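Step one of this worksheet: look at the structure below.
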Amino acid sequence: MRILIVEDEIKTAEYLRKGFSENGFVADVANRGEDGLHLAVTGDYDLIILDVGLPERSGWSVLSELRRSGKEMPVLFLTARDAVEDRIKGLELGADDYLVKPFVFSELLARVRTILRRGPLRQPDVLTIGDLVIDLVRHKATRSNQRLDLTPKEFSLLSLLARRAGEVVSRTLIAEQIWDMNFDSDTNVVDVAVRRLRAKVDDPFDKKLIHTLRGVGYVLEER
Amino acid sequence: MSWRSVKKPAGSELPRRRWSITQRLVITYTFSAIAMLAITAVFLNWTLHSSLLKAEEDYIDDRIRVYRAIIEHSPDFLYSIMQDIEWQGSFVKFPQYYARILNERCHTIIETIHMNELIPPERFPDPCIFTKAEQERTRARKHVVYVGRNGRSYLLESYWTEKLQPQQRVAIQIAVDITSQESLIRTNQQRMVAIIMLGIIFAGLFSVIVARRVLSPLNELAETAKQITFDKISISATDPESWPVELQTLALAFNDMLARLRDSFTRLSQYTSNLAHELRTPINNLMGEAEVALSQERSLEEYRNVLESGLEEHMRLSRMIDALLFLARAEHPSHLMEHVIFSPLEEIERVCSFYEALAEEKQARFSWGGSGKIEGDPTLFRRIMSNLISNALYYSGAGVNIDMQVKESARFTEITVSDSGYGIAEEDLSKIFDRFYRVMTSRSSNPQGSGLGLSIVKSIMDLHHGTVSIRSAHGQGTTITLRFPSPRSTKKPSTSTQ
Numbered sequence: 001m002r003i004l005i006v007e008d009e010i011k012t013a014e015y016l017r018k019g020f021s022e023n024g025f026v027a028d029v030a031n032r033g034e035d036g037l038h039l040a041v042t043g044d045y046d047l048i049i050l051d052v053g054l055p056e057r058s059g060w061s062v063l064s065e066l067r068r069s070g071k072e073m074p075v076l077f078l079t080a081r082d083a084v085e086d087r088i089k090g091l092e093l094g095a096d097d098y099l100v101k102p103f104v105f106s107e108l109l110a111r112v113r114t115i116l117r118r119g120p121l122r123q124p125d126v127l128t129i130g131d132l133v134i135d136l137v138r139h140k141a142t143r144s145n146q147r148l149d150l151t152p153k154e155f156s157l158l159s160l161l162a163r164r165a166g167e168v169v170s171r172t173l174i175a176e177q178i179w180d181m182n183f184d185s186d187t188n189v190v191d192v193a194v195r196r197l198r199a200k201v202d203d204p205f206d207k208k209l210i211h212t213l214r215g216v217g218y219v220l221e222e223r
Numbered sequence: 224m225s226w227r228s229v230k231k232p233a234g235s236e237l238p239r240r241r242w243s244i245t246q247r248l249v250i251t252y253t254f255s256a257i258a259m260l261a262i263t264a265v266f267l268n269w270t271l272h273s274s275l276l277k278a279e280e281d282y283i284d285d286r287i288r289v290y291r292a293i294i295e296h297s298p299d300f301l302y303s304i305m306q307d308i309e310w311q312g313s314f315v316k317f318p319q320y321y322a323r324i325l326n327e328r329c330h331t332i333i334e335t336i337h338m339n340e341l342i343p344p345e346r347f348p349d350p351c352i353f354t355k356a357e358q359e360r361t362r363a364r365k366h367v368v369y370v371g372r373n374g375r376s377y378l379l380e381s382y383w384t385e386k387l388q389p390q391q392r393v394a395i396q397i398a399v400d401i402t403s404q405e406s407l408i409r410t411n412q413q414r415m416v417a418i419i420m421l422g423i424i425f426a427g428l429f430s431v432i433v434a435r436r437v438l439s440p441l442n443e444l445a446e447t448a449k450q451i452t453f454d455k456i457s458i459s460a461t462d463p464e465s466w467p468v469e470l471q472t473l474a475l476a477f478n479d480m481l482a483r484l485r486d487s488f489t490r491l492s493q494y495t496s497n498l499a500h501e502l503r504t505p506i507n508n509l510m511g512e513a514e515v516a517l518s519q520e521r522s523l524e525e526y527r528n529v530l531e532s533g534l535e536e537h538m539r540l541s542r543m544i545d546a547l548l549f550l551a552r553a554e555h556p557s558h559l560m561e562h563v564i565f566s567p568l569e570e571i572e573r574v575c576s577f578y579e580a581l582a583e584e585k586q587a588r589f590s591w592g593g594s595g596k597i598e599g600d601p602t603l604f605r606r607i608m609s610n611l612i613s614n615a616l617y618y619s620g621a622g623v624n625i626d627m628q629v630k631e632s633a634r635f636t637e638i639t640v641s642d643s644g645y646g647i648a649e650e651d652l653s654k655i656f657d658r659f660y661r662v663m664t665s666r667s668s669n670p671q672g673s674g675l676g677l678s679i680v681k682s683i684m685d686l687h688h689g690t691v692s693i694r695s696a697h698g699q700g701t702t703i704t705l706r707f708p709s710p711r712s713t714k715k716p717s718t719s720t721q
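As structure tokens, then:
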């Protein structure tokens, strides 16, 4: 997967490139809108990460020029302005997603993966991570063939982690997805909920599946 | 007399002139003075004129009555009258009256000497009218003022006698000299004009002085306002007690405004210093941890720890920025919010289910009840409830009871959130909704808190045109009351763009 990062802030561009490279992407960086547009039109990228506030040529202008030249690859906007009008403008111009600075890298990564995954792929009915089997249709989870006794919320939380197995899921995202608390809420609550889930999913077993990434969130994976 | 009525109607093409209050007052006073004086003068003049004329008319009537008596009773009346008028004409330079007797053919029989040159018979009203109807009409008294050839004014009147046997009937014409009366009236008019002129000047000057005097507190107020600067906000308008009532109200409002401004400035500077403090804490942690970590070689695990701790601090900063941006945007009318009618109780249940796990750890108990509807944004309402429940959980000991009640009345829907927690000291209550204001003990109870929770509650209530109030005492729990206008009373068209 080749992605292009158009970002004028050198430090940001650098850590993004590093982060994506380490996650299996081929990442190129352009620091100016003109360069970014040139690269995007000539090169063959699967996705472009575009900063709105670029010198000389804004991200919006880059995007509209890109679309005019017939390039239809997905574009994800990064913006420091989270006024709703700005978001709408970006999406109207044909962006696929936007992320407001400051953001957590894992969230950007997850979103990029989601955009690239979009399409024919269907969610399976049964998720399997190691010896953990989650039947999304029957609302049933087992580990080593032992039935896990989960409350509905705990089941939703486990499914969320499982669907994004291997990816970091932030506390904010968990609060949003499970309890519909789509604002900055008390993240300690999420920690408590995950702790309770762990008590049922991990504690009785030797092999731990739910891991904490301090300051970022949780990840469900076989290590 | 209202000055406004003189103004050009709105939409006039002429550019509207701006008049100062002094100008308006002066013009209004002067015009009303002119009007009053003019009315008085016209009335006095009319009274004088008519009463003088009345006296002369009575005099003429007397003369006519005398002549009539002579004519009707004495057969040689011509002789008697002749004696009378000759005496007048011969010995008096300006005779008080002239008289003339005409026969039925309108020929002069006798008249005062020189009368013909001065006042010809045809100048009199109804000099020679002989038809029956016209005779009737002539009975009505009619008089004419005539300026004779000698420049003097005369009041003229004529009278036809009854038909008498053996004589034919005659006409009596009498002219009374009213020159002195006329000149009296004229002098009087000139004086009136002079008085009006003086009155105008006096009224103008007087109103200028009064307007200046009355408006001087305004200048004082303006002077005071000019002296107010950022660092000298505490100047108050001077002794408004001695001012007129209307301006006193203004001055008191002005002083009130200054007090509020001062309060806002204090809050603003407190806000700034609180903000600086809130920023300093995570940045201090970041700097210190990084510096200590770099001071010597460390294990990979230790570096990881520093980075992770740093990430936590950064998340804290990021959350703070989000909250500040939310507050800033909530002050904007363009803030997009939903306007739907929803059940607060359902939202309370959802928020409680979110906090369930944390509450169980703290052995806290939730309870809720009541009924009612709210019009607004359910997400923002959840945010309010989340902040309030979070506060109730953090600032309380184990086993706290948190009760939420919804009550609907005719004008508003009220939600009370009461807890049996630590409570808030009285001195903190007034500042509890200020941004970043934190009760001294709160930093240790909830180190992750931003100090913005209740500010956000307040700004969301403002967005809903509602109010929030708090009742608390140290050690006696806290009750927060949210008041939303009821959905029925807000029938305004929705401003939502959703």
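Chains A and B supply the protein sequences, listed in that same order.
The opening position of the first sequence corresponds to residue 1 in my numbering, with each subsequent residue numbered one higher.
The opening position of the second sequence corresponds to residue 224 in my numbering, with each subsequent residue numbered one higher.
Just so it is clear, CB atoms sit at the ideal spot from N, CA and C, and this is done for glycine as well.
As the structure is a computational prediction, the values presented were derived from the model and not from experiment.
Nearest-angstrom Cα distance between residue i and residue j?
i      : j      : result
A/A13  : A/A27  : 10 Å
A/V137 : A/S69  : 45 Å
B/R435 : B/K449 : 20 Å
B/V249 : B/L677 : 55 Å
B/P318 : B/Q311 : 6 Å
A/E34  : A/V112 : 23 Å
B/L198 : B/L276 : It is not possible to answer for residue 198 of chain B, since the shown part of chain B is limited to 224 through 721.
B/Y369 : B/R346 : 8 Å
A/D97  : B/M560 : 21 Å
A/V168 : B/L686 : 35 Å
B/S492 : B/A553 : 21 Å
B/S243 : B/V468 : 21 Å
B/C575 : B/R706 : 20 Å
B/H296 : B/T335 : 22 Å
B/L271 : B/P348 : 24 Å
B/G622 : B/A648 : 21 Å
B/R241 : B/L548 : 44 Å
A/E221 : A/T212 : 11 Å
B/K654 : A/G19  : 44 Å
B/P343 : B/G422 : 45 Å
B/E512 : A/L39  : 40 Å
B/T354 : B/Y382 : Residue placement at B/T354 is flagged as unreliable, the pLDDT there being 48, under the threshold of 50; a coordinate-derived value is accordingly withheld.
B/R364 : B/I257 : Confidence in B/R364 is poor, its pLDDT being 48 and thus under 50, which makes the residue's placement too unreliable to answer from.
A/F205 : A/P55  : 54 Å
Could you check how far apart the C-beta atoms of residue i and residue j are, in whole angstroms? I think they sit under 8 Å.
i      : j      : result
B/P505 : B/R527 : Not quite, the Cβ-Cβ distance comes to about 19 Å (not below 8 Å), so this is no contact.
A/G94  : A/L63  : 6 Å
B/G427 : B/T245 : Their Cβ separation, rounded to whole angstroms, is 11 Å, which puts B/G427 and B/T245 out of contact at 8 Å.
B/S673 : B/D642 : No, B/S673 and B/D642 are not in contact; Cβ-Cβ is about 20 Å, not under 8 Å.
B/L581 : B/L616 : 6 Å
A/L157 : A/L197 : 6 Å
B/I607 : B/Y578 : About 14 Å; that fails the 8 Å criterion.
B/S692 : B/T704 : 5 Å
A/R163 : A/V190 : Going by Cβ atoms, the distance from A/R163 to A/V190 rounds to 17 Å, so no, they are not a contact pair.
B/Q396 : B/L325 : 7 Å
A/G215 : B/E535 : 4 Å
B/M338 : B/R328 : Their Cβ separation, rounded to whole angstroms, is 19 Å, which puts B/M338 and B/R328 out of contact at 8 Å.
A/N31  : A/E7   : 7 Å
For residue i versus residue j, is the C-beta spacing smaller than 9 Å?
i      : j      : result
B/V399 : B/I294 : no
B/H697 : B/Y660 : no
B/E631 : B/G599 : no
A/L116 : A/L108 : no
B/V629 : B/P708 : no
B/I451 : B/L260 : no
A/I3   : A/D46  : yes
Using only the heavy atoms of the ligand ADP, determine whether one of them is closer than 8 Å to the beta carbon of residue i.
i      : result
A/T114 : What this structure holds is no ligand at all, so the ligand ADP is not there to describe.
Start and end of the alpha helix (DSSP H) containing residue i?
i      : result
B/F589 : Counting along the chain, B/F589 falls outside any alpha helix (DSSP H), though it belongs to the beta strand (DSSP E) covering R588 to G593.
A/W179 : R171 to W179
B/N624 : Note, B/N624: premise wrong, no alpha helix (DSSP H); beta strand (DSSP E) at N624 to E631.
Tell me the residue span of the beta strand (DSSP E) that contains residue i.
i      : result
B/I693 : T690 to S695
A/D97  : D97 to V100
B/Y377 : S376 to W383
Task: Complete alpha helix (DSSP H) runs within the stretch 12-78 of chain A (minimum length 4 residues, chain order) - done: 33-42 and 59-68
Task: Unbroken stretches of the alpha helix (DSSP H), 4 residues or longer, contained in the stretch 253-321 of chain B - done: 300-314
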